[in-house]
Amino acid sequence: MARSVPADVVRKCCEAVDQKRKEIVNFCRDLIRIPSITGHEKKAQEFLRDHLQALGLEIDFWEPEISLLEKHPAYVNTGSDYQDRPNVVAIHKGGGKKKGSSLILSGHIDVVTPEPVEKWSFDPWGGEIVSGRIYGRGASDQKGGIASMIKALETILDLGMEIDGDVLLESVVDEEFGGNGTLACVLRGHVADGGVVTEPTACKICPSHRGSIHWRTKVYGQGAHCAAKQRGVSAVEKAMKIYDAIVDLEDARIKAVRGKDPLYTKSINPVPICVGKFIGGEHTGTVPACCVIEGNMEFLPGEKIEEVKSIFEKTIADCCKKDQWLKRNPPTIEWLAFRFEGAEIPSSHPLVKVIQSAYKQVTSTEAVVEGFCGCDMRILTLFGNTPSVIFGPGSASHEIDEFVSIDELMWTTKVLTLLILSWCGFR
Ligand SMILES: [Zn+2]
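Using the working numbering, you'd call the opening residue of the sequence shown number 110 and step up by one each time.
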């Protein structure tokens, strides 16, 4: 099992990573410069495949098959398939036969749209560097993490050190729409004794993440010409009541969970509910007959999807009781395909301890350990028998002017280098 890395080896590795600073930064920039919005991941995956192949790693490069995925309870039906959307797994076979010493380092290559592009101060596909930050869509979510994990293994190989356990580097597709890329890896047999998902945790160690569920609510009114407005009932006005009820639900849930789970007590919002779309009306001069509200509701590990659904449905029902129109014309609630429960491993798990110790060796400070939002960690942990932690550089996910700090990129690379040595064993 894990052993600590002696101080001289720590120093040697950290110096080797420092010497690679330019190389690491440029590799991250190269990745950012290949647009890989979900559904269009192929070019970036080919780039990574070629790079990992040149390192002498064993490559598995394949397109996930819906017929295999759809039989699994964790499958999220996104309505799209995986033609020209390959996963990449690169395997470094360990020289030793140490039980319990294999490790997966996993990142998702897909990024969300950079729109509205005109609001960016930088080219979202440019990888520009300003004041110690690399800017671009995917810089933190999560090409920085992918660059770190690859460069960590490269550092060890360049130093000529031999690793005992197997190391698997995974670059997966389709995380942003629910995790089928990682599920395809698990179904293909890519599992290990421990895993790190390199999502942007700002170098916090996260052994837990929330669940998430998407809904669509249709609120109906009564359409009428503007000139006969009194004959209409505005669906938008009624939907605003529903919106307010959802905001109140979020407030109540924040108060209820505050202080209950130590990993989420410091979060400003441990159980966010986000209305992502609010679309009403059919014609500029008509009282709106329909308004659609879509959103995401997050919940802590331990809460079940069915419980969360009924809490939400009761909130809407209670709101409708207070309004004569809504009482007679209740909105519809549709639960969308994007849904998953939270996942966690104990904070006392050896993998958490090893990363904590590596973090301290690199930064001379204690790492913050806390919970994270939903990601593919659950697939590895719950369905791949691979207890996993989330740890990576960056934090400005999905934002305009997304960036990753070069310092965090370097720290992550160093921590992952020490983690590989410590978890997998080395000679
Ligand atoms: Zn991500």
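Built from N, CA and C at the ideal position, the CB exists for glycine as well. Since the model is a prediction, treat every value here as computed from it, not as a measurement.
Taking the straight line between their C-alpha atoms, what separation do you get for residue i and residue j?
i: Asp139; j: Gly165; result: 20 Å
i: Phe449; j: Ala183; result: 7 Å
i: Thr374; j: Ser504; result: 19 Å
i: Tyr352; j: Thr307; result: 34 Å
i: Asn186; j: Gln192; result: 15 Å
i: Ile143; j: Gly290; result: 19 Å
i: Ile141; j: Gly254; result: 12 Å
i: Thr521; j: Ile259; result: 11 Å
i: Arg242; j: Ala256; result: 15 Å
i: Thr424; j: Ile355; result: 7 Å
i: Val524; j: Ser210; result: 17 Å
i: Val146; j: Lys430; result: The sequence shown places Ile at residue 146, not Val. Cα to Cα, Ile146 sits roughly 43 Å from Lys430.
i: Asp302; j: Lys418; result: 34 Å
i: Gly205; j: Glu279; result: 21 Å
i: Ile363; j: Val281; result: 33 Å
i: Pro223; j: Ile175; result: 28 Å
i: Tyr244; j: Ala361; result: 37 Å
i: Ser230; j: Glu237; result: 10 Å
i: His318; j: Cys484; result: 7 Å
i: Glu172; j: Pro195; result: 4 Å
i: Phe170; j: Cys400; result: 44 Å
i: Asn438; j: Ile420; result: 20 Å
i: Arg297; j: Gly493; result: 10 Å
i: Cys428; j: Gly288; result: 34 Å
i: Ile545; j: Glu412; result: Here the chain has residues from 110 to 536 only, and residue 545 is not among them.
i: Asp117; j: Asp190; result: 49 Å
i: Thr441; j: Lys151; result: 38 Å
i: Leu266; j: Ala426; result: 60 Å
i: Asn405; j: Glu416; result: 15 Å
i: Ala365; j: Asp159; result: 50 Å
Residues bridged to residue i by DSSP?
i: His323; result: Asn405
i: Thr395; result: His334
i: Leu277; result: Ile200 and Ile213
i: Cys315; result: Ile499
i: Ala452; result: His318
i: Gly290; result: DSSP, once it has assigned bridges, lists no residue as partnering Gly290.
i: Tyr191; result: Looking at the DSSP assignment, Tyr191 forms no beta bridge with any residue, so it has no partner.
i: Phe170; result: Val197
i: Glu443; result: Arg325
Of the choices the options, whose alpha-carbon is the least far from that of residue i?
i: Trp324; options: Asp159, Glu443, Met519 and Val197; result: Glu443
i: Lys180; options: Ala293, Pro397 and Leu161; result: Ala293
i: Lys202; options: Arg487, Val119, Lys151 and Ile272; result: Ile272
i: Ala519; options: Ser113, Pro440, Pro115 and Cys123; result: A small correction: the amino acid at residue 519 is Met; Ala does not occupy that position in the sequence shown. It is Cys123 whose Cα lies nearest to the Cα of Met519.
i: Ile218; options: Ala361, Pro309 and Phe492; result: Pro309
i: Pro379; options: Arg367, Lys386 and Pro173; result: Arg367
i: Val134; options: Pro381, Val513 and Ser531; result: Val513
i: Gln58; options: Ala261, Val220 and Leu157; result: This structure does not reach residue 58, given that the chain is present from 110 up to 536, and the question cannot be answered.
i: Ser240; options: Leu527, Leu530 and Asp516; result: Asp516
i: Asp510; options: Arg194, Lys350, Phe481 and Val226; result: Val226
i: Gly247; options: Ala125, Pro459 and Glu508; result: Glu508
i: Leu445; options: Glu453, Arg130 and Glu403; result: Glu403
i: His458; options: Gly480, Leu491 and Ser497; result: Ser497
i: Trp234; options: Gly501, Cys137, Asn196 and Gln154; result: Cys137
i: Glu475; options: Ala116, Lys313 and His149; result: Lys313
i: Cys383; options: Asp370, Glu391, Leu212 and Leu358; result: Leu358
i: Met486; options: Lys228, Ile322, Ile213 and Phe387; result: Ile213
i: Pro316; options: His299, Lys350 and Val463; result: Val463
i: Phe408; options: Gly188, Gly330 and Phe481; result: Phe481
i: Leu460; options: Ala348, Thr472, Thr490 and Thr441; result: Thr490
i: Gly188; options: Phe286, Met270, Leu177 and Lys151; result: Phe286
i: Ala344; options: Gly269, Ala311 and Val328; result: Val328
i: Thr495; options: Lys131, His299 and Lys208; result: His299
i: Met349; options: Leu435, His334 and Pro371; result: Leu435
i: Leu268; options: Gln128, Phe447 and Trp532; result: Gln128
What is the C-beta distance between residue i and residue j, in whole angstroms, given that I count them as a contact (C-beta under 8 Å)?
i: Gly274; j: Ser215; result: No, Gly274 and Ser215 are not in contact; Cβ-Cβ is about 16 Å, not under 8 Å.
i: Gly534; j: Arg112; result: 7 Å
i: Val114; j: Gln470; result: 7 Å
i: Gly332; j: Thr395; result: 6 Å
i: Gly389; j: Pro397; result: 5 Å
i: Gly467; j: Leu527; result: A quick correction: the sequence has Ala, not Gly, at residue 467. That belief holds up - the Cβ atoms of Ala467 and Leu527 are roughly 4 Å apart, short of 8 Å.
i: Val126; j: Thr326; result: In fact, because the Cβ distance is near 49 Å, the residues do not count as touching under 8 Å.
i: Arg197; j: Ile488; result: Position check: residue 197 holds Val in this sequence, whereas Arg was assumed. Not a contact, Cβ separation roughly 16 Å.
i: Leu177; j: Ile168; result: Going by Cβ atoms, the distance from Leu177 to Ile168 rounds to 20 Å, so no, they are not a contact pair.
i: Ser456; j: Val478; result: 6 Å
i: Asp432; j: Lys347; result: 7 Å
i: Leu262; j: Ile529; result: 6 Å
i: Gly320; j: Ile454; result: No, Gly320 and Ile454 are not in contact; Cβ-Cβ is about 15 Å, not under 8 Å.
i: Ser249; j: Pro502; result: 7 Å
Quick check: does the Cβ of residue i come within less than 7 Å of any heavy atom belonging to ligand 3?
i: Val282; result: In terms of ligand content, the structure shown lacks ligand 3 and carries ligand 1 instead.
Go through the residues and name those whose CB comes closer than 5 Å to any heavy atom of ligand 1, in chain order. Asp250, Gln251 and Glu308
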